[in-house]
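Below is one structure, written out as C-alpha cells; comments come after it.
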C-alpha cells in the first residue's frame, strides 16, 4: 500500500484529460420532433414511387458489385459507402409501407422501423459520399438506378430537415433570391457588361424576342466570368439571334442537389418562363452538369408538358454548330484529354458531343482509360463540393482522377462543367497538382476562325 | 401415403399454387403502382426493344468494372449455368416438365449433369463464403440473402445425393429432393429469389429510361 | 396318424439324384447369402424334414401367384420341393371340395397346432365381408381362425402383402393386406405381381432349415430378395447414365435395348430380385423383354402414377386450381398496390 504523495495532491474534482473523438456533425434544420422527422423522411421518399422505383428496391440482390464502381468505396474500402447501403433505410421503409408484401412486413415485424439515429447517421452517406454520378447504376446486374434512388432519398432527408448545413443555406438562398451565390440580376448584368467590355464582344441582354436563350451558372459568373464572354463570342460567330435574360439566367439548381422538388421546380420555371417569353426555339445551357440534368431531362416534367423549345448543353450546341459549319475553328496543336461530366455524358447521353467538338479542334486527343461513359467522377458533384466536412473524403477520391489524367500524358485537360472545374481547382491546390482544368467552350471561343463576328 | 407420394402429390401441388399466386402478387403489386410520365424530348425512341436490349446486355459486365467484379461474376455464372443445365437438361427433369407442358427436348448424359451439379454447388458455397468474409457483404447482407442461398443450394445438393445414395433408400432421397424443390418454389416469390422475374422489370425500365436519353446502359 | 415320409425320402422316390439335390442346396445357400459351410446343414435339414404342414388360403386373388409358383414346363427341383411339403389345403390344387376340404383344413390345424405355415394370396375385403367367402366363411374370419395356431404367415403376392389391385383406388371392397389383420404372428411378405418362384421356395427352405424366418425390410419383405432396387441391378443402367433412352416401344432405342425410364420404368423405387434372379429359371425379366418395370412388389404400386408415366412426373391436378391461384395472386397484387397508392396520395395531400 503506497502512501499518498503530499506534494502532488490528487485532485479528484478537476476535469480529466482524455481524448475526445471529434464530434460528428449531424446537421438539423427546423425544430420538428424526431417522429415527425422520421415520418417526413420516409413519406417524402415514397411519395412519388412508381413501378420503376419499386422494382429497384424489390430487386436488389445484395451482390455488392456497386461498391466496386463507387469512387468513395474504392478509395476508402469502407463498406458503408456501398451505394445500395446508402439507400438501406429507405429500402426498409419501402418494404414496410408500399411494397407488395408491406402488410406482412408490418404484421410480422420483419423490418425494423427507422429511428432518428439511423437517419442522422445516414445523412453523410446520402450527401457527403454520393455525387449521384451513376457508375453504380451502370454496374448493377439488375439494372437498378442506384444513383437515382439516392436523389429520391434526398427528397426525404430535406423535408425531414436532415441535410448538411451548407447545402441547405445555399439552396435556401437560391430559392429566396433566385441564385445561390448572391449573384442578383443586377450583379449579373454588371458582370456581363464588364465581360463585354473586357473582351470586346457584343452581349445582348433582356432582348424581347430571340431564337436562342443563353443562361449561365453562378459558378461561372462568380469564378470563371470569361465563360460569359466565350459564350457570347460563339453565339455571335454562329449568327444566332440570342440573348441573356435577367429574369432567367441561373442554370444551377440547388433544389435538385439538396432534394427539394419545389425549389427545383422554381429554379427550372424561371428559365422556362424566360424562354417562353422571348419565343426561344433553343435554350443553351452552360458548362454545368446538373443544370443539364435538371432542365434537359427533368424540366419538362416540372413544366407538366413538353417544352416548346430544344434544350442543349453548350457542348451539344458547339458540336451541332461545328458539324454543320455554322462556326469553324482553327486547328489547335496540343494533346488533350477530356474529363466527362457525369450528368452530361453518362447520365445525360451527350457523351459524343464533346468528342465531335474535340475532333474539330484538331487536337491530339487522348481518351483516358475508362473515360467517356465510364469516367471516374470528379468527386465534387451532387453538392458534395459544397459540404466542407466532406473535403477530406473528396480529396481522397481525387487520386483516382489524378492517376487517370496523368496516364494520358496529355498537355491539356478539358471538361465542360464548371462544378467539376471548381472541384479540380480545389484539389489541384490541395495536392499541388500540375494539371489545371480548362474549359472546352473557352478553347473553341479562343480558336474561332477569323471573319466571324 | 408415404413421404414420396406426399412430396410428389399434395406438396408439389400446393407449392405450385403458392409459387404462381405469390409471384403474380408481387409482380402485379409492383406494376400497378403509379405511372411516371416523362415529357422531356427523347433523344431516341425507347420502347420494348430498349427494355429487351438491356435485359440482355446487362448480363455482361462492362470492361471498366470487369476486373473488380470478376470473381463473384464468374461464380454466379457457374452457379446459374450449372443450375440451368441440371434443371432443364437432366432427362428425369425433362420428363417432369413434359408432364405438365406436354412437350420435351433433348437432354445431356447423367455424368455431364453431375459435373454441372457439383460445379453449381461449389460455386454456391464459394459465394456463401464470400458473403460472410467480404466487409461489404457482411454489412449489407440480411436473412433473405442467407436463406435464399440455402434454399437454392438444397435441391442441387439433395439431387446429387440420389446417385451417391450414402446408404439411404432411393425413394426417401427422391422424396427429400422433391421436398427441397417444394421449399424452393414456396420461398421464391417472397425473397430475393424473385429476381427470376423482377430482373425483367428492373433491367427493362432502366433500359427504356436511359435509352431514351441516349445514355449508356 | 400315418407317419409321413421325410422330404429326402420323397425326393429319392421321385428320382432326384443326390448330386442334383446337393446342387439345389448349394444354390439355395448362395441365394440366401449363406456360407458354403451351411450347405450340408441345409441338405440335412431338408432330407430329414417331416413334410411341414402348409395351409394355403386364397382370398381376393387372380390365382396368378399360384400359377407362377406351380407352372413349370418341365419339373424343377423347386416344383418337387413344393410337392414335398404337405400342402393340406389349396383351392386350386386340391382334389377335395366342399365339406371335405374344410374338414381337411381343420384336421391339419389341429394335428399341427403351433407348427404349420399359413400361406395367403389375395387381399381381404373389409367393406363387406360378404364380398369374398369360402364355404360360406368370410375371408377375414377364415384368416383369423386359421392363423390362430400357425407358426408363421407368409403373404404371397402383392395382394396379400399390400392389398394389391383390389386395394387400388377407389378400393370398392375395402381390401386390406394380411398384415393389417394379423398382428400377433410373424408375417413375411413376398410381394410381386406375381412374385418370383425362387423367392417363395427360399423362404420355405429357410424355415425348414433353421425354423426361422429371413431378415425382413421395413415392408416385411426378405432382405435377400428385396434389399436392392431393380435400378441398381439393371443391366440397362449404363444407358440411363449415358442418357440413352427408348422413346417409344419400337424405336431404334428400344430395339437397341436402351433404358426404359422415359417409358415409365419404376425400377429406381422398386425393390425385387427380377434383375438378378429373373424369371423362368433365369430366362428374362420385363425390362429385358422391353417393358418398363411396373414396380409390382411395392405397396400401392397401382396408384403410384401411370405405368407409362416417367417416375419423375409430378402428380398435378387440373389447371383450374392453378388458374385460381393466379387469380388470387392478381387480387392480392391489386390490393397491395391500391393500399400503397392510397398511402402515397394520403401523404401527398396531408404533407
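Residue numbers (our numbering), protein chains in the order written: chain A, 1 to 453; chain B, 454 to 670; chain C, 671 to 1021.
Heads up, the beta-carbon is just placed ideally off N, CA and C, and yes, glycines get one too.
At a cut-off of 8 Å between beta carbons, residue 339(A) makes no contact with chain B.
Using a Cβ-Cβ cut-off of 8 Å, residue 1013(C) counts as an interface residue toward chain A, since at least one Cβ of chain A sits closer than that to its own. The alpha-carbon separation between residue 305(A) and residue 490(B) amounts to approximately 10 Å. Contact annotation: the region 318-328 of chain A does not touch the region 283-300 of chain A, with fewer than three C-beta pairs closer than 8 Å.
Taking 8 Å as the cut-off between beta carbons, none of the residues of the region 985-999 of chain C comes near chain A.
When 9 Å is used as the limit between beta carbons, residue 294(A) is near no residue of chain C, the shortest such separation being about 22 Å. Per DSSP, residue 759(C) is one residue of the beta strand (DSSP E) stretching across 756-759. Within the region 86-114 of chain A, contact with chain C at the beta-carbon level (separation under 8 Å) is assigned to 97, 98, 99, 100, 101, 102 and 103. In this structure, residue 956(C) lies near residue 963(C), with their beta-carbon atoms less than 8 Å apart.
For residue 786(C), the three-state secondary structure derived from DSSP is strand. Under the three-state reduction of DSSP, residue 197(A) is assigned to helix. Between the region 880-887 of chain C and the region 919-934 of chain C, the count of Cβ pairs shorter than 8 Å is below three; the stretches do not touch.
Close to residue 489(B), with beta-carbon spacing below 7 Å, are these residues of chain A in chain order: 50 and 52. Here residue 265(A) is buried: its Cβ has 16 or more other Cβ atoms, across all protein chains shown, within 10 Å. A direct Cα-to-Cα measurement between residue 62(A) and residue 481(B) gives close to 23 Å. DSSP, reduced to helix, strand and coil, places residue 726(C) within a strand of the structure shown.
Burial is judged here by how many other beta carbons sit within 10 angstroms of a residue's own beta carbon; residue 852(C) has at least 16 and is buried.
In this structure the region 375-386 of chain A lies against the region 124-139 of chain A, because at least three pairs of beta carbons, one per stretch, are closer than 8 Å. Nearest to residue 729(C) by alpha-carbon distance, out of 738(C), 756(C), 769(C) and 803(C), is 803(C). Taking each of 341(A), 350(A) and 348(A) in turn and checking the Cα distance to residue 378(A), the smallest one comes out for 341(A). Contact holds between the region 561-569 of chain B and the region 536-552 of chain B, because three or more Cβ pairs, one in each stretch, are under 8 Å apart. With respect to chain C, the C-beta atom of residue 47(A) has a partner C-beta closer than 8 Å.
The DSSP-derived three-state label of residue 829(C) is helix. Considering only beta carbons, the part of the region 546-570 of chain B lying closer than 7 Å to chain C consists of 546, 548, 549, 552, 553, 560, 561, 562, 563 and 564, in chain order.
Nearest to residue 416(A) by C-alpha distance, out of 325(A), 107(A), 91(A) and 289(A), is 289(A). Taking 8 Å as the CB threshold, residue 476(B) stays off the interface with chain A. Boundaries for residue 214(A): no alpha helix (DSSP H) harbours it, while the beta strand (DSSP E) harbouring it runs 212-214, taken from the DSSP string. The Cβ of residue 895(C) sits no closer than 8 Å to any Cβ of chain A. For residue 43(A), the nearest beta carbon of chain C is closer than 8 Å to its own beta carbon. Rounded to the nearest angstrom, the Cβ distance from residue 892(C) to residue 857(C) is 12 Å, too far for a contact under 8 Å.
Closest by C-alpha distance to residue 778(C), out of 859(C), 714(C) and 757(C), is 757(C).
Proximity of residue 84(A) to chain B, defined by a Cβ-Cβ separation below 8 Å, is satisfied.
Taking a contact as a CB-CB distance under 8 Å, the pair residue 54(A) and residue 578(B) does not count as one, their CB atoms being some 33 Å apart. In the DSSP annotation of this structure, residue 978(C) is not part of any alpha helix (DSSP H), being labelled neither H nor E. Distances from the alpha-carbon of residue 903(C) to those of 918(C), 792(C), 941(C) and 726(C) put 941(C) closest. The criterion of a C-beta distance shorter than 8 Å is not satisfied by residue 890(C) and residue 830(C).
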